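Numbering (the working numbering), first residue to last: 79 to 1095.
Where is the CB? At the ideal position from N, CA and C, for every residue including glycine.
Quick caveat: nothing in here was measured; it's all calculated off a predicted structure.
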């Protein structure tokens, strides 16, 4: 038997060309981690790190050993072994050549050594044909991501080598589309650009070739401050002089009729959107078009549906005059989601610009809103978070504009109505949409494909795949009876099969007889999720009362997945006890392990099981008991979120929310969960938001829900989750004001003031801070200190220094009284910045040095990073550029360690500036270009303006007044928009200098005069 292993796409094993089921996702990850080092030992610690991204993960080794044991059993059929090596490592004993990634590298090496271009072309094509998609599709750990990045680089190198060979073989007339796509995907790769220019020239499209060169030259100058390399410049000169050496060689072989493996069609270049979703006339915010791959992993267990699959491939894979919408309908549990995912993967090659996917949760308690789904899609398509429109209409317009010229598949799963999907349908003529729903959606235009239950043969195939042929053939009568009494509904067959698979000692006849007792009910309840109730009831009746109780409470958890600590709070028990209950539920396949993240396992319920268990809970668990459980969940969420925020110590509000938590996990368990508070928040962010929203929906006391929204501020800020921050806290603010909860409203106003300051919406920020202070009137310093400091900061940004000094000084006094060290540092630092901006540099250094000392004593690392940034600014003002660079580098290191990309960029920007001033022009401009993209990603206008100003200064330093003028004009526009008068004057000075160097002395004088007027006011 010939067994082949694949990691250049989904992780797969094929034996004689037939897919082999090697287990669920985590087990496939273990296999992939061994395949990368095929026939070489890998230590257990390395495997745990590769698979879970954390060598310290609880039970990591024990879980790994279980996966290795099951893999040994699966692979043993053809003699493939996983051996234990001396020193504790594991080796997958296979020839590297049977692994597609190693085979790819082997063929690439042969292609580079080929004796002729014809042989080289064949070898490169064979190598690239091994790629089925992104390497390790669906796997997201640091190690796998790094391997994917490495392999992607090798794939690009192979594509470029193949393109060179094909150009030498005079195949240029069939290559333009492919080369255009690659040049747009890698706009700074001069080799890709040169290949496109040469192909266009040889196709007698000289004007287009010269236009491509000019665009590349401008981009290199604008983004990196460099000219094209010598090779690209030489090619340009040869085109201008019609150099005969550029003529195509005589073709020695007919051009291929198919697209080269691994290439994509031309990408559509779009302009960045403004806040309303309108396409702006400016340079793109995104350097390359992304091809998102959002489909869930393909399913190893899938039988039947051959005719339906062929129909979908015919409908969506052929040339079409316009966008196609396919509605897949059928009763719950019939396999619509599995069918959509499988066909999506089969059609992936027909949609090279990517596949989008969203679970709309149309029949759950929390259906997905088109506004939220569009935000996810736009980010996946490469739109920076800060540039995603804030209104639904803007998001719809931008989404359809981006997809207008692309060939993208959109899968909208579990939709409730045409209204839910209407805004998510693309209008691009080469796009297609698959919608799944339990309803017929008569009002939705499009093709329809109803899915029926499986016929007896296919139903038996499904059971056989789960239990093995030997077991089903040994009692074929009972196997057929199970399929028949389940009505051919895939989920019902799956549940019955799962129970038998978990109990290999049970005879099939036991389940067959149990299902036969429910025959009358199955006959009567023949549609929708009711058809599966008998099977679920059988499983449910076998569980203990405590496990039934736990399953009922789980159905009240918000969101699609949850961690064990959430169940512990519902059950009012410890983490080990909750994990034991989950193990019992996983065993009978009523709860599924959906992922393993940095902080452990996450679980989910199938929506039909959730509906069934919710019915049972409403009958068996008193309403008061369910309410108390959700109150404990809110308390645990609030307690953990506040502890995580306090551990990170980023914010300066200084108001603990812990007194609002009605329940909390044991201290040791909380410490275990929050060993890495940022990783915990990244895993739990959507769940915590859902808990807060659920509590606001339930009514009752607003304070704990508002407290959770407040506690999440630090975590939102560090991760730059500005959409989530604004949406949740606006809702909490409305609830607090409606219930006259002044304390909660004051805290949330202050947090929203911080958010709108970050987003450069200064009038809103002033209003929020002023409202917070108004609501906190008569309160002690704790409630007023941080709002006063925030108010002062906005006044400082607006150049209103007298107001800023007054409020900063007041905030410092209040913070000292309240014992809020973070706020004291923030206010003192603000006074230092004002000193610096008014040229009192020595006074500023004294304040920043104090802030640095206090921050280090208090362990306030964001304050330490901020003080270092400001000391860097002070040294820069004194002309001590080496000292400034050192301070900036230390600030960057702290912010990056905290995971705070925006703060790290604040220091990186000015580091680039001082490097330019030290003569390190290339590195300085590189850091500035990187900062510019980051600021645009976050929508931070002030930072973008500062970087543009620094880039203008960098261009002036090398005598390029033209690019300097463009950068300075852009910076001035932004500072004018923001209303920052002090920096507007600075930008006008730089603009005047650029005009003067360009010889436009009239414009230079006008800019200087305006700068003086701005300073007077």
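Under the DSSP definition of a beta bridge, which residues are partnered with residue i?
i, result
"residue 435", "489"
"residue 84", "90"
"residue 526", "405"
"residue 680", "673"
"residue 167", "121"
"residue 705", "According to DSSP, which records beta bridges pairwise, residue 705 is partnered with nothing at all."
"residue 161", "169"
Here's the rule I'm using: 16 or more other beta-carbon atoms within 10 Å means buried, otherwise exposed. How should residue i be labelled?
i, result
"residue 96", "exposed"
"residue 411", "buried"
"residue 291", "buried"
"residue 791", "buried"
"residue 584", "exposed"
"residue 435", "buried"
"residue 668", "buried"
"residue 604", "Legend: pLDDT at residue 604 = 27, less than 50; position of this residue unreliable, value from coordinates given subsequently. Looking at its Cβ environment, which holds fewer than 16 other Cβ atoms inside 10 Å, residue 604 is exposed."
"residue 510", "buried"
"residue 523", "exposed"
"residue 1036", "exposed"
"residue 1060", "buried"
"residue 310", "buried"
"residue 270", "buried"
For residue i, which of the options has the nearest alpha-carbon?
i, options, result
"residue 73", "412, 973, 535 and 372", "There is no way to answer for residue 73, as the model of the chain reaches only from 79 to 1095."
"residue 151", "130, 98 and 698", "98"
"residue 53", "1074, 1055 and 1050", "Outside the modelled stretch of the chain, which goes from 79 to 1095, sits residue 53, for which no answer is possible."
"residue 393", "446, 487 and 169", "487"
"residue 179", "991, 202, 221 and 208", "208"
"residue 710", "800, 752, 404 and 652", "652"
"residue 102", "293, 673 and 414", "673"
"residue 588", "565, 556, 571 and 619", "556"
"residue 1161", "298, 446 and 723", "The requested residue 1161 does not occur in the structure, where the chain is confined to residues 79 to 1095."
"residue 235", "254, 280 and 182", "182"
"residue 1084", "1093, 1067 and 1094", "1067"
"residue 539", "226, 575, 116 and 953", "575"
"residue 303", "1033, 479 and 691", "1033"
"residue 252", "268, 266 and 273", "273"
"residue 1075", "1062, 940 and 1030", "1030"
"residue 143", "154, 937 and 123", "123"
"residue 807", "817, 902 and 831", "831"
Please state if the CB of residue j and the CB of residue i are separated by a distance shorter than 9 Å.
i, j, result
"residue 982", "residue 946", "no"
"residue 708", "residue 748", "no"
"residue 721", "residue 755", "yes"
"residue 241", "residue 228", "no"
"residue 741", "residue 713", "yes"
"residue 375", "residue 491", "no"
"residue 403", "residue 508", "no"
"residue 238", "residue 327", "no"
"residue 636", "residue 771", "yes"
By the three-class DSSP mapping on this structure, what secondary structure does residue i have?
i, result
"residue 783", "helix"
"residue 714", "helix"
"residue 669", "coil"
"residue 424", "helix"
"residue 940", "helix"
"residue 502", "coil"
"residue 326", "coil"
"residue 333", "Any reading at residue 333 must be qualified, since the residue scores a pLDDT of 42, below 50, and its modelled position is unreliable; no value is offered."
"residue 174", "helix"
"residue 477", "helix"
"residue 513", "strand"
"residue 555", "helix"
"residue 642", "helix"
"residue 699", "coil"
"residue 860", "helix"
"residue 623", "helix"
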